[in-house]
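Colleague: First the structure, then my questions, so here it is.
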Amino acid sequence: KNDTCCESESPVYVHNPHLDGMKEDVLYHFNLGTSTHDLPTMFGDVKFVCVGGSPWRMKSFIEYMAKDLGLENAKSEYPNICAGTDRYAMYKIGPVLSVSHGMGIPSISIMLHELIKLLHHANCTDVTIVRIGTSGGLGLEPGTVVVTKQPVDANFMPQFEQVILGKTVVRSTDLDEGLAEELLQCSKDLGQFNTVIGNTMCTSDFYEGQARLDGAFCSYTENDKQEYLTKAYKSGVCNIEMESSVFAAMCKLSGLKAAVVCVTLLDRQKGDQMNSTPDVFHSYHQRPQILVGHLIKKRLQAS
Ligand code: R2B
Ligand code: URA
Numbered sequence: 039k040n041d042t043c044c045e046s047e048s049p050v051y052v053h054n055p056h057l058d059g060m061k062e063d064v065l066y067h068f069n070l071g072t073s074t075h076d077l078p079t080m081f082g083d084v085k086f087v088c089v090g091g092s093p094w095r096m097k098s099f100i101e102y103m104a105k106d107l108g109l110e111n112a113k114s115e116y117p118n119i120c121a122g123t124d125r126y127a128m129y130k131i132g133p134v135l136s137v138s139h140g141m142g143i144p145s146i147s148i149m150l151h152e153l154i155k156l157l158h159h160a161n162c163t164d165v166t167i168v169r170i171g172t173s174g175g176l177g178l179e180p181g182t183v184v185v186t187k188q189p190v191d192a193n194f195m196p197q198f199e200q201v202i203l204g205k206t207v208v209r210s211t212d213l214d215e216g217l218a219e220e221l222l223q224c225s226k227d228l229g230q231f232n233t234v235i236g237n238t239m240c241t242s243d244f245y246e247g248q249a250r251l252d253g254a255f256c257s258y259t260e261n262d263k264q265e266y267l268t269k270a271y272k273s274g275v276c277n278i279e280m281e282s283s284v285f286a287a288m289c290k291l292s293g294l295k296a297a298v299v300c301v302t303l304l305d306r307q308k309g310d311q312m313n314s315t316p317d318v319f320h321s322y323h324q325r326p327q328i329l330v331g332h333l334i335k336k337r338l339q340a341s
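First residue of the sequence shown? That's 39 in the UniProt record's numbering, and the numbers climb one at a time after it.
Shown next, in the form of structure tokens:
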């Protein structure tokens with residue numbers, strides 16, 4: 039399938055012998071497919087993919103990119119490519135694709151299976167992918183942006199466990215080190231907000247899974263919570279979110295250069311509730327977008 043690209047270009051890999059034998063591949067949760075859509079024509083020029091939880095944020099990212107790159111169309115309207123389904127939303131401007139993934143590991147994992155197949159079917163090469171998102175911080179001023187060095191699990195191990203045929207398969211969560219450094223440099227160029235590189239803990243739950251005291255259920259004390267978060271902090275964890283580990287694992291398997299950029303909305307050692315004003319949250323939410331936007335602009339100017 040990738041025989042059109044030259045040796046210096048790096049393709050998007052799938053590792054599934056069954057795909058070759060299929061007459062058509064339906065990307066069900068995108069409402070796209072290989073026999074209903076011309077994927078190489080629609081997506082063949084994609085070089086940057088940005089993913090994030092909320093469909094609104096991913097739409098606003100593409101509007102921001104269109105303005106920033108001077109690629110704005112006359113109407114400044116960017117249709118949702120996945121309009122036939124409300125599972126995920128997808129937007130595109132030039133070489134930039136923006137896709138929502140919902141909350142949590144299962145949701146982003148389904149999206150990534152279909153996104154990786156989409157990029158593969160479209161014969162895309164040299165694709166960089168970044169997750170932009172929010173997180174709870176440890177020992178950081180709220181609003182600090184964390185570029186993930188390595189995602190770790192709830193035991194602070196740099197791995198993602200997937201159950202396949204009832205057996206636990208352990209996958210590595212390595213991200214692209216060069217890309218993380220490049221993003222840190224972008225933050226220095228911009229000088230608008232603090233950015234650090236550190237490990238990100240990825241959990242399967244927002245409340246008990248992140249040692250919150252404000253869920254519907256809680257069987258531990260404030261002291262237990264602080265002890266756990268201190269242990270996380272001492273192991274190198276800077277922030278906590280819910281998708282980075284499977285994102286890193288799947289991007290690594292498919293040969294995509296990947297990074298995770300999350301703003302911290304609060305300091306978890308000081309509280310659990312999300313009670314900043316909407317204006318403050320809004321400005322925090324923009325930060326990962328601004329950082330990744332700057333990276334894309336720099337890369338495009340250099341090419
Ligand atoms: C960050 O924010 C969401 C929970 O509020 C979750 O998707 C995550 O990783
Ligand atoms: N997202 C998370 O997963 N946790 C937080 O504390 C904030 C955002």
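Positions of the beta carbon are idealized from the N, C-alpha and C atoms, including for glycine.
Suppose you measure from the CA of K290 to the CA of L213; what does that come to, to the nearest Å?
Modeller: By 1-based counting over the sequence shown, the position of residue 290 is 252. By 1-based counting over the sequence shown, the position of residue 213 is 175. Computed Cα separation, rounded: 7 Å.
Colleague: Consult DSSP for K39 and reduce its assignment to one of helix, strand or coil.
Modeller: Reading the sequence shown from its first residue, position 1 is the one you call residue 39. Since pLDDT at K39 reaches only 45, below the 50 mark, its modelled position is unreliable, and no value is offered.
Colleague: Taking the C-alpha atoms as reference points, what is the distance between D69 and R125?
Modeller: Taking the sequence shown and counting its residues from 1, one reaches residue 69 at position 31. Taking the sequence shown and counting its residues from 1, one reaches residue 125 at position 87. Sequence check: residue 69 is Asn here, not Asp. Roughly 9 Å between the two C-alpha positions.
Colleague: Check the Cβ-Cβ distances between I334 and every residue of chain C, and say whether any is below 8 Å.
Modeller: Absent from the structure: chain C. Only one protein chain is present.
Colleague: My output table needs one value for A104: the three-state DSSP class, helix, strand or coil.
Modeller: In the sequence shown, the residue the question calls residue 104 occupies position 66. Residue state, collapsed to three classes: helix.
Colleague: Only counting runs of 4 or more residues, tell me where the alpha helix (DSSP H) segments fall wholly within the region 99-154, in order along the chain.
Modeller: none
Colleague: Taking A121 as the reference, which of L107, K97, A104 has the closest Cα?
Modeller: Position 83 of the sequence shown holds residue 121. Answer by Cα proximity: K97.
Colleague: Any heavy atom of the ligand R2B inside 7 Å of the beta-carbon of M195?
Modeller: Within the sequence shown, numbered from 1, the residue matching residue 195 stands at position 157. It does not: the Cβ of M195 is nowhere closer than 7 Å to a heavy atom of the ligand R2B.
Colleague: With a threshold of 16 other CB atoms inside 10 Å of the CB of K155, please say whether the residue is buried or exposed.
Modeller: Taking the first residue of the sequence shown as position 1, residue 155 is located at position 117. Buried, by the Cβ-count rule.
Colleague: Pick from D191, K187, E179: whose alpha carbon is nearest that of M280?
Modeller: Stepping through the sequence shown from its first residue, residue 280 is reached at position 242. M280 has its Cα closest to that of D191, out of D191, K187, E179.
Colleague: Assign M149 to buried or exposed, taking buried as 16 or more other Cβ atoms, counted over all protein chains shown, within 10 Å of its Cβ.
Modeller: Along the sequence shown, read from residue 1 onward, the residue named residue 149 stands at position 111. So M149 ends up on the buried side.
Colleague: Under 8 Å by Cβ, that's how I've got Q197 and T186 pegged, so tell me the actual separation to the nearest angstrom.
Modeller: Walking along the sequence shown from the start, residue 197 turns up at place 159. Walking along the sequence shown from the start, residue 186 turns up at place 148. The Cβ separation is near 14 Å, so there is no contact.
Colleague: Between T238 and the ligand URA, is the CB less than 7 Å from at least one heavy atom?
Modeller: Mapped onto the sequence shown, residue 238 falls at position 200. No, since every heavy atom of the ligand URA falls outside the 7 Å radius drawn around the Cβ of T238.
Colleague: Check whether the region 157-168 and the region 258-275 are in contact - that is, three or more C-beta pairs closer than 8 Å.
Modeller: no
Colleague: Quick check on N277: buried or exposed, where buried means 16 or more other Cβ atoms within 10 Å of its Cβ?
Modeller: Here the question's residue 277 lines up with position 239 in the sequence shown. The residue in question, N277, is buried, as its Cβ has 16 or more Cβ neighbours within 10 Å.
Colleague: Confirm, please, whether the CB-CB distance from M141 to L135 is below 8 Å.
Modeller: Stepping through the sequence shown from its first residue, residue 135 is reached at position 97. Stepping through the sequence shown from its first residue, residue 141 is reached at position 103. No, the pair does not count as a contact, with Cβ atoms beyond the cut-off.
Colleague: Sorted by chain position, which residues of the same chain lie with C-beta nearer than 7 Å to L221's C-beta, five sequence neighbours on each side aside?
Modeller: As a first step, residue 221 must be located in the sequence shown, where it is residue number 183. Excluding positions up to five away in sequence, the list reads V185, A297, V299, L329, L333.
Colleague: Under 8 Å: do the region 199-211 and the region 258-266 share three or more Cβ pairs, one atom per stretch?
Modeller: Fewer than three pairs of CB atoms, one per stretch, sit closer than 8 Å, so the region 199-211 makes no contact with the region 258-266.
Colleague: Where H75 and I100 are concerned, what is the direct C-alpha to C-alpha distance, given to the nearest angstrom?
Modeller: If you number the sequence shown from 1, residue 75 lands on position 37. If you number the sequence shown from 1, residue 100 lands on position 62. One C-alpha to the other measures close to 22 Å.
Colleague: Cα separation between G247 and C240?
Modeller: Indexing the sequence shown from 1 puts residue 247 at position 209. Indexing the sequence shown from 1 puts residue 240 at position 202. Roughly 9 Å between the two C-alpha positions.
Colleague: List the whole-angstrom C-beta distance separating G174 from T302, where the pair is believed to meet the contact cut-off of C-beta under 8 Å.
Modeller: As a working mapping, residue 174 is identified with position 136 in the sequence shown. As a working mapping, residue 302 is identified with position 264 in the sequence shown. That belief holds up - the Cβ atoms of G174 and T302 are roughly 6 Å apart, short of 8 Å.
Colleague: Hey, is M280 close to the ligand R2B, as in C-beta under 7 Å from one of its heavy atoms?
Modeller: The count along the sequence shown starts at 1 and reaches residue 280 at position 242. For the ligand R2B, at least one heavy atom lies less than 7 Å from the Cβ of M280.
Colleague: The ligand R2B and G59: does the residue's C-beta get closer than 7 Å to at least one heavy atom of that ligand?
Modeller: Sequence index remark: in the sequence shown, residue 59 carries index 21 (1-based). Checking the Cβ of G59 against the ligand R2B gives no.
Colleague: Should A218 go down as buried or exposed, given a rule of 16 or more other Cβ atoms within 10 Å for buried?
Modeller: For the purposes of this step, residue 218 is identified with residue 180 of the sequence shown, where counting begins at 1. Of the residues assessed, A218 falls on the buried side of the cut-off, its CB having 16 or more other CB atoms within 10 angstroms.
Colleague: When burial is assigned at 16 or more other CB atoms within 10 Å of the CB, is N237 buried or exposed?
Modeller: Taking the sequence shown and counting its residues from 1, one reaches residue 237 at position 199. N237 is buried by the Cβ-count criterion.
Colleague: Should T172 be listed as close to the ligand URA, given that the test is whether its C-beta is under 7 Å from any heavy atom?
Modeller: As a working mapping, residue 172 is identified with position 134 in the sequence shown. T172 Cβ: within cutoff of the ligand URA.
Colleague: Determine which residues share a DSSP beta bridge with T166 and list them.
Modeller: Here residue 166 is taken as the residue at index 128 of the sequence shown, counted from 1. T166 is bridged by DSSP to F86, K295.
Colleague: When we look at the beta-carbon of P133 and count the other beta-carbons within 10 Å, is it buried (16 or more) or exposed?
Modeller: For the purposes of this step, residue 133 is identified with residue 95 of the sequence shown, where counting begins at 1. Its Cβ being crowded by 16 or more others within 10 Å, P133 is buried.
Colleague: So is the beta-carbon of L213 under 7 Å away from any non-hydrogen atom of the ligand URA?
Modeller: Residue numbering aside, residue 213 sits at position 175 when the sequence shown is read from its first letter. Every heavy atom of the ligand URA is 7 Å or more from the Cβ of L213, so no.
Colleague: So, at 7 Å on beta carbons, what are the nonlocal neighbours of D310 in its own chain, with the 5 sequence-adjacent residues on each side left out?
Modeller: Translated into the one-based positions of the sequence shown, residue 310 becomes position 272. Closer than 7 Å at the Cβ level, and outside the excluded window around D310, lie R250, L251, D252.
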